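Heads up, the final residue of the sequence shown is numbered 392 in the UniProt record's numbering, and it's a clean run with no missing numbers.
For reference, the structure discussed in these notes is given below.
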Amino acid sequence: MPHYRHAGSIPPKRHTQHWAPDGALYREELMGEEGFSSDSSLLYHRGVPSAIVDARTWELPDLSTTPNEPLLARHLKLHDLFGAGTGVDVVTGRRLVLANADVRISYVVAAETSPLYRNATGDECVFIEDGSGTLETVFGHLPFGPGDYLIVPRGTTHRWVPDGEVRAYCIEANSHIAPPKRYLSRYGQLLEHAPYCERDLRGPSEPEVRDETDVEVYIKHRGSGPGGLSGTVHTVPQHPFDVIGWDGCLYPYAFNVADFEPITGRVHQPPPVHQVFEGSNFVICNFVPRKVDYHPLAIPVPYYHSNVDSDEVMFYVAGDYEARKGSGIGKGSVSLHPGGHSHGPQPSAIEASLGAESFDELAVMVDTFRPLELGEAGRACDDGVYAWSWNR
1 MPHYRHAGSI PPKRHTQHWA PDGALYREEL MGEEGFSSDS SLLYHRGVPS AIVDARTWEL
61 PDLSTTPNEP LLARHLKLHD LFGAGTGVDV VTGRRLVLAN ADVRISYVVA AETSPLYRNA
121 TGDECVFIED GSGTLETVFG HLPFGPGDYL IVPRGTTHRW VPDGEVRAYC IEANSHIAPP
181 KRYLSRYGQL LEHAPYCERD LRGPSEPEVR DETDVEVYIK HRGSGPGGLS GTVHTVPQHP
241 FDVIGWDGCL YPYAFNVADF EPITGRVHQP PPVHQVFEGS NFVICNFVPR KVDYHPLAIP
301 VPYYHSNVDS DEVMFYVAGD YEARKGSGIG KGSVSLHPGG HSHGPQPSAI EASLGAESFD
361 ELAVMVDTFR PLELGEAGRA CDDGVYAWSW NR
């Protein structure tokens, strides 16, 4: 993150002795990106963060994918994937919707507390469609609710504790996820033209020290399974939440979509104005309730466009998405518009939008710069007819 934070007890100078009241020496751990060359934090543990007492294989959920062939636009109905009382958690219950070598998009409806979990392949951005709870992490805890993005840096040990049923849209990178570079100063501050600022970001609480022993941690890491991934469960002698203090610029944080300030203009603005985060070879955008184009001859809905370099994935969260009225798209839908296929509004939506002053819609978009393939969940909830919706 672009700004420094500290919590709990830390010594006056880094890489120096830090003693507990009982005379034990705290163990300093550097958690850093890009081989000591980017953002990092220092955490001070009561125990040894590297210690394990056992290890076993974690059989990951089905991560197999199928190419989008023949090339088709698709409508995936995520709300059909889970029934009532699913009995799963946010980590092990995820079902893979779409994926490529850079990013995996999953969906889960969960009410159970997850195991302790660490993603060792990349950062995660989890969007909370509905429900509330707490993201507990080694840095401290983050309460969450509807509309929250939770950014969890690679290697962060954490678990999800729902208050009840939670619907989560999970974006897992094989890279880091951060605010768009064009919105950051050369020193990392969010600039005046950015649609949000540091005041909108919520960091973790003071770290919580836990005393349990022989605790399991589920780890997703690079390996030989589908998508180049494997899973391992480590049993550690002391609970990972043994951090008495930390400081630095790398930590989990939350951002609520309601705090995104939309950028509008006299005529239709292109999708990059809706961008909120980026990773390697993909971007994350959100479309929020907003005033629309105010030129007297403006057409508020998007023009037809060909994604020559990217696949476009839109998750429809709330409101009425004006451009796709009449296509079958609704709350809980995902549309996939692949590169090489021109797409845009329903023909009837163009005339219907003329004279509109505002749109009441909420959607999360992921644009990828390599083709996406269908995961098992994507195959299971494809409506099979969306590609022909422009004929209606």
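In this text, a Cβ means the ideal position worked out from N, Cα and C, and glycines have one as well.
Computed from a predicted model, the values in this text were never measured in an experiment.
Output yes or no for whether 7 Å exceeds the beta carbon distance between residue i and residue j.
i, j, result
"Val166", "Gly133", "yes"
"Ala173", "Tyr183", "no"
"Asp242", "Gly23", "no"
"Ala73", "Ala387", "yes"
"Asp39", "Cys197", "no"
"Leu76", "Cys381", "yes"
"Ser178", "Gly155", "Per the sequence presented here, residue 178 reads as Ala, with Ser not at that position. Contact flag unset, no."
"Thr157", "Glu373", "no"
"Cys170", "Val126", "yes"
"Ala356", "Val273", "no"
Along the chain, where does the beta strand (DSSP E) that runs through residue i open and close?
i, result
"residue 393", "This structure leaves residue 393 out entirely; the chain is present only between 1 and 392."
"Gly203", "Per DSSP, Gly203 belongs to no beta strand (DSSP E) and is neither H nor E."
"Gly8", "5-8"
"His193", "No beta strand (DSSP E) contains His193, which DSSP labels as neither H nor E."
"Val334", "333-337"
By DSSP's criteria, residue i is part of a beta bridge. Which residues make up the other side?
i, result
"Asn119", "Lys220"
"Val215", "Val236"
"Lys291", "Ser358"
"Asp383", "Per DSSP, none; premise fails for Asp383."
"Ile284", "Phe277, Val366"
"Ala110", "Val166"
"Glu373", "Pro67, Ala99"
"Ile105", "Leu98, Ile171"
Use the C-beta contact count for residue i: other C-beta atoms within 10 angstroms, 16 or more gives buried, fewer gives exposed.
i, result
"Glu124", "buried"
"Glu136", "buried"
"Arg266", "exposed"
"Gln238", "buried"
"Lys220", "buried"
"Ala84", "exposed"
"Ser358", "exposed"
"Gln275", "buried"
"His18", "buried"
"His6", "exposed"
Provide the residue span of the alpha helix (DSSP H) that contains residue i, from first to last.
i, result
"Ala349", "347-353"
"Gly378", "376-380"
Below 6 Å, is the gap between the Cβ of residue i and the nearest heavy atom of the ligand SAH?
i, result
"Gly326", "No copy of the ligand SAH appears in this structure; indeed no ligand is present at all."
Tell me, please, whether the CB atom of residue i is closer than 7 Å to any CB atom in chain D?
i, result
"Val217", "No chain D is part of this structure, which consists of one protein chain only."
Could you tell me which uninterrupted beta strand (DSSP E) segments, each at least 3 residues in length, are contained entirely in the stretch 243-280, listed from first to last along the chain? 243-248, 253-256, 275-279
Could you tell me which uninterrupted beta strand (DSSP E) segments, each at least 3 residues in length, are contained entirely in the UniProt domain "Cupin type-2" (112-171), listed from first to last along the chain? 116-119, 124-130, 133-137, 140-144, 148-152, 158-162
Residue ranges of each beta strand (DSSP E) within the stretch 15-102, 3 or longer: 27-32, 40-45, 54-57, 65-67, 74-77, 95-99
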